[in-house]
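Peer 1: Which chain is which? The protein sequence lines are A and B, in order.
Oh and the first sequence: position 159 is 159 in the numbering used here, straight run, nothing missing.
For the numbering used here, add 224 to where a residue sits in the second sequence, where the first one is 1.
Cβ atoms here follow ideal geometry from the backbone N, Cα and C, with glycine treated the same way.
Since the model is a prediction, treat every value here as computed from it, not as a measurement.
Encoded as structure tokens, here's the structure I'll be asking about.
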Amino acid sequence: MNGDLSALPGIVALTLGVGAVATAAMLAPAVALGFCLARGEFRGKALVQALVAVPMVLPPVAVGFALLVLLGRNGPLAFIWNSLGIDLVFSWWAAAIAAAVVGFPLLTRACEQAFGEVDERFEQVARSLGLGPMRSFFSVTLPLAKRGVLYGSVLAFTRALGEFGATALVAGIIPGRTETLALGIYSRVQLGDERGALALCAASFAIALAAMLVAEGWLRRSRP
Amino acid sequence: MSERASRIHCRIDRPDFSLDIDIGWDERVAVVFGPSGAGKSTLFEIVLGLERCANAHVRIGGATFDDPDAGLHLPTEHRDLGWVPQFPTLFPHLNVAENLDFGRTRAAGRDPAARGRAIEVLEIGGLLDRTVDQLSGGEAQRVAIARALASGPRALLLDEPLAALDLPLRARVLPYLMRVRDQLDLPILYITHDPDEAQLIGEIVVVLDGGRVAATGAPRDVLWSRAVLPLSEALGIENVFEGGVRREHGSPSFVSNAGLRLVLPASLDSDASVRIGLRAEDVVLAADRPGKISARNVLESRVVACDDRDGDVYVTLDAGEKLVAKVTAAAAAQLALAPGSTVYAIVKAQALRRLG
Numbered sequence: 001m002n003g004d005l006s007a008l009p010g011i012v013a014l015t016l017g018v019g020a021v022a023t024a025a026m027l028a029p030a031v032a033l034g035f036c037l038a039r040g041e042f043r044g045k046a047l048v049q050a051l052v053a054v055p056m057v058l059p060p061v062a063v064g065f066a067l068l069v070l071l072g073r074n075g076p077l078a079f080i081w082n083s084l085g086i087d088l089v090f091s092w093w094a095a096a097i098a099a100a101v102v103g104f105p106l107l108t109r110a111c112e113q114a115f116g117e118v119d120e121r122f123e124q125v126a127r128s129l130g131l132g133p134m135r136s137f138f139s140v141t142l143p144l145a146k147r148g149v150l151y152g153s154v155l156a157f158t159r160a161l162g163e164f165g166a167t168a169l170v171a172g173i174i175p176g177r178t179e180t181l182a183l184g185i186y187s188r189v190q191l192g193d194e195r196g197a198l199a200l201c202a203a204s205f206a207i208a209l210a211a212m213l214v215a216e217g218w219l220r221r222s223r224p
Numbered sequence: 225m226s227e228r229a230s231r232i233h234c235r236i237d238r239p240d241f242s243l244d245i246d247i248g249w250d251e252r253v254a255v256v257f258g259p260s261g262a263g264k265s266t267l268f269e270i271v272l273g274l275e276r277c278a279n280a281h282v283r284i285g286g287a288t289f290d291d292p293d294a295g296l297h298l299p300t301e302h303r304d305l306g307w308v309p310q311f312p313t314l315f316p317h318l319n320v321a322e323n324l325d326f327g328r329t330r331a332a333g334r335d336p337a338a339r340g341r342a343i344e345v346l347e348i349g350g351l352l353d354r355t356v357d358q359l360s361g362g363e364a365q366r367v368a369i370a371r372a373l374a375s376g377p378r379a380l381l382l383d384e385p386l387a388a389l390d391l392p393l394r395a396r397v398l399p400y401l402m403r404v405r406d407q408l409d410l411p412i413l414y415i416t417h418d419p420d421e422a423q424l425i426g427e428i429v430v431v432l433d434g435g436r437v438a439a440t441g442a443p444r445d446v447l448w449s450r451a452v453l454p455l456s457e458a459l460g461i462e463n464v465f466e467g468g469v470r471r472e473h474g475s476p477s478f479v480s481n482a483g484l485r486l487v488l489p490a491s492l493d494s495d496a497s498v499r500i501g502l503r504a505e506d507v508v509l510a511a512d513r514p515g516k517i518s519a520r521n522v523l524e525s526r527v528v529a530c531d532d533r534d535g536d537v538y539v540t541l542d543a544g545e546k547l548v549a550k551v552t553a554a555a556a557a558q559l560a561l562a563p564g565s566t567v568y569a570i571v572k573a574q575a576l577r578r579l580g
């Protein structure tokens with residue numbers, strides 16, 4: 001099977017799916033947390049910021065191991081998985097969860113920065129015109145921060161595409177089920193299939209480039 | 225004491241800032257006047273419920289928003305106030321019409337005709353499809369006022385609505401403010417640091433200084449009064465001269481105690497000793513003595529000092545009495561202003577105003 005490229009479309013689709021689901025799953029919590037960090041002044045804010053950033057600087061393998069324990073059949077949350085009758089470890093969902101956990105700090109940071117750049121005056125004016133805090137957030141704050149949030153989403157998405165260490169531990173490298181581009185490259189190199197690895201590298205490069213081009217396009221178009 | 229239609233009572237004590245105010249009034253149009261840093265904008269934030277002040281008691285035009293005794297503290301969105309902040313904070317992601325629609329939910333309940341009336345009074349019907357960045361400064365300010373009015377507010381709060389505009393634009397927007405004042409029967413609270421504006425707009429003026437009320441009353445009684453005099457420099461009246469008025473060749477002229485002589489406009493004729501105020505920006509400097517010129521006062525002066533402040537140069541002159549002129553850095557360079565040099569200070573009689 002050396003140089004066999006028939007698996008490539010499936011791997012690409014799987015990788016994009018994992019990235020998309022991971023990004024979609026972390027979007028709402030990252031937006032909420034980013035807004036709280038940008039606007040709120042509370043005790044322990046620095047600690048929360050540090051905790052959010054930790055998965056970004058930890059060895060991904062350590063994150064993967066922590067997830068393996070948490071999601072495993074014998075871990076502290078096992079009663080949840082058992083009662084739901086699901087087995088997350090070594091599943092497609094485990095790959096998405098690992099990607100989300102590792103991408104979350106990037107997206108939260110981007111959201112925090114984007115909300116920090118929105119002048120609070122706009123929200124105050126919206127409130128004065130009769131909008132409650134939630135409506136003022138969705139009709140003023142979020143649209144004005146849209147650029148940064150979208151950019152952060154693309155960063156998190158591309159980070160999810162490239163996730164290796166955590167995914168390998170918690171999702172394994174199961175062809176057709178959890179084998180993403182990054183995992184596929186590794187396994188092909190291990191098997192000495194350099195042509196296959198190179199093809200997956202090229203696909204990774206193309207996807208990353210396309211994502212960044214889309215993001216730059218957004219930035220340029222929505223620039224005030 | 226019977227209840228006033230409007231009342232603001234609050235006390236804030238912070239290391240960096242303190243505010244201690246208790247004012248009540250029945251007039252419809254009140255001006256809050258004072259130098260920057262006097263606490264004017266904080267006062268608005270309290271009225272809007274944006275600044276937390278546990279002991280605040282706020283009532284505007286008969287509607288109570290805060291009453292600590294009754295445990296009342298309405299959230300900002302339920303105060304039904306039309307607020308025009310200092311800088312036109314039009315929502316940049318919406319066009320003019322969408323900005324106006326922002327308060328439509330409230331307007332629908334309170335005053336469905338508010339939007340149409342706001343567009344008419346401020347004459348912005350032709351701007352509705354524009355994006356915010358296609359508006360000039362004056363247009364943006366008119367739209368900001370219309371947006372506040374279109375929400376059908378029970379009162380209008382204007383925070384220095386002309387301050388961000390240059391002089392010619394101010395003259396274009398001011399008539400709209402007068403129309404809003406005269407055609408709509410709406411309580412208005414108006415912040416300014418410009419005495420002319422305060423006099424023109426207000427039925428009652430509250431003078432704030434350092435977080436405290438320095439004076440309250442009818443504009444002509446309060447502005448230029450002794451209470452306001454110490455604020456003259458902060459309000460942009462850098463030159464204050466004391467002296468008497470003499471009549472020469474039929475027109476009045478002022479002679480300061482130090483001997484500075486200034487031709488006054490006929491309206492400032494007086495028998496008593498007077499104080500005369502002059503803004504530094506109203507003094508024109510010339511390197512050579514001008515020929516025929518409408519300005520009545522040309523004073524040969526010696527430059528004492530030049531202070532560069534944020535791109536403007538404050539030139540201290542000896543014109544028989546200390547006189548401060550404010551010019552651009554480019555003008556100061558062109559005239560080669562330096563201590564010891566001689567210049568001609570030109571002052572229109574109309575720029576002189578009587579204080580105290």
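#1: Pick helix, strand or coil for residue 237(B), following the three-state DSSP scheme.
#2: Tell me whether the beta-carbon of residue 461(B) lies closer than 8 angstroms to the beta-carbon of residue 501(B).
#3: Assuming residue 416(B) and residue 128(A) are in contact, meaning their beta carbons sit under 8 angstroms apart, how far apart are those beta carbons, in whole angstroms?
#4: Take the Cβ of residue 159(A) as the centre, count every other Cβ of all protein chains shown within 10 Å, and call the residue buried at 16 or more, exposed below.
#5: Cβ closer than 7 angstroms: which chain B residues qualify as neighbours of residue 127(A)?
#6: State buried or exposed for residue 554(B), treating a residue as buried only when at least 16 other CB atoms are found within 10 Å of its CB.
#7: Please name the residues in the region 329–348 of chain B whose beta-carbon is closer than 7 angstroms to at least one beta-carbon of chain A, in chain order.
#8: Could you compute how far the alpha carbon of residue 290(B) sits from the alpha carbon of residue 227(B)?
#9: Against chain B, does residue 35(A) count as a neighbour if the rule is that its beta carbon must be under 8 angstroms from one of theirs?
#10: Cβ of residue 265(B) less than 8 angstroms from any chain A Cβ?
#11: Hey, residue 96(A) and residue 170(A): beta-carbon distance below 8 angstroms or not?
#12: How far does the alpha helix (DSSP H) with residue 530(B) in it extend, from its first residue to its last?
#13: Rank 420(B), 377(B) and 329(B) by C-alpha distance to the C-alpha of residue 386(B) and give the top, closest one.
#14: Give me the residue from 368(B), 388(B), 319(B) and 237(B) with the minimum Cα distance to residue 352(B).
#15: Let's test the definition: count the other Cβ atoms within 10 Å of the Cβ of residue 552(B) and tell me whether it reaches 16, buried, or not, exposed.
#16: Would you kindly work out how many angstroms separate the C-alpha atoms of residue 189(A) and residue 4(A), rounded to a whole number?
#17: Which ranges does the alpha helix (DSSP H) cover as unbroken runs of at least 4 residues, wholly within the region 402–442 of chain B, from first to last along the chain?
#18: Of all Cβ atoms in chain B, is any one closer than 8 angstroms to the Cβ of residue 113(A)?
#19: Examine chain B for any beta-carbon lying closer than 8 angstroms to the beta-carbon of residue 220(A), and answer yes or no.
#20: Please go through the region 323–393 of chain B and give each complete beta strand (DSSP E) segment of 3 or more residues, from N-terminal end onward.
#21: Do we get a CB-CB distance below 8 angstroms when we pair residue 131(A) with the residues of chain B?
#22: So which residues on chain B does residue 122(A) lean against when the C-beta distance must stay under 8 angstroms?
#23: Excluding the 5 residues preceding and the 5 following residue 173(A) in the sequence, name in chain order all residues of the same chain whose CB lies nearer than 6 angstroms to its CB.
#24: First and last residue of the beta strand (DSSP E) that includes residue 466(B)?
#25: Helix, strand or coil: how does DSSP classify residue 167(A) here?
#26: Report, in whole angstroms, the separation of the C-beta atoms of residue 249(B) and residue 428(B), which I expect to be a contact under 8 angstroms.
#27: Quick one: Cα of residue 383(B) to Cα of residue 389(B), how far?
#28: Got a sec: is the Cβ-Cβ distance from residue 411(B) to anything in chain A below 8 angstroms?
#29: Using a Cβ-Cβ cut-off of less than 9 angstroms, list which residues of the region 138–171 of chain A approach chain B; keep chain order.
#30: Consult DSSP for residue 15(A) and reduce its assignment to one of helix, strand or coil.
#31: In chain A, which residues lie less than 8 angstroms from residue 309(B) when you measure between Cβ atoms?
#32: Check this for me: beta carbons of residue 230(B) and residue 411(B), under 8 angstroms apart or not?
#33: Does the region 4–14 of chain A come within contact of the region 194–204 of chain A, defined as at least 3 CB pairs closer than 8 angstroms?
#34: Report all residues from its chain with a CB closer than 7 angstroms to the CB of residue 275(B); omit the five preceding and five following residues, and keep chain order.
#35: For the alpha helix (DSSP H) containing residue 187(A), name the first residue and the last one.
#36: Excluding sequence positions up to five away, which residues of its chain have a Cβ less than 6 angstroms from the Cβ of residue 208(A)?
Peer 2: In brief:
#1: strand
#2: yes
#3: Incorrect: roughly 20 angstroms between the Cβ atoms, too far for contact.
#4: buried
#5: 300 and 301
#6: exposed
#7: 329 and 330
#8: 15 angstroms
#9: no
#10: no
#11: no
#12: That residue, residue 530(B), is in no alpha helix (DSSP H); its beta strand (DSSP E) goes 521–533.
#13: 420(B)
#14: 319(B)
#15: exposed
#16: 13 angstroms
#17: 419–425
#18: no
#19: no
#20: 379–383
#21: yes
#22: 313 and 315
#23: 179, 183 and 187
#24: 463–472
#25: helix
#26: 5 angstroms
#27: 13 angstroms
#28: no
#29: 139, 140, 143, 144 and 146
#30: helix
#31: 121, 124 and 125
#32: yes
#33: yes
#34: 266 and 269
#35: 181–190
#36: 158
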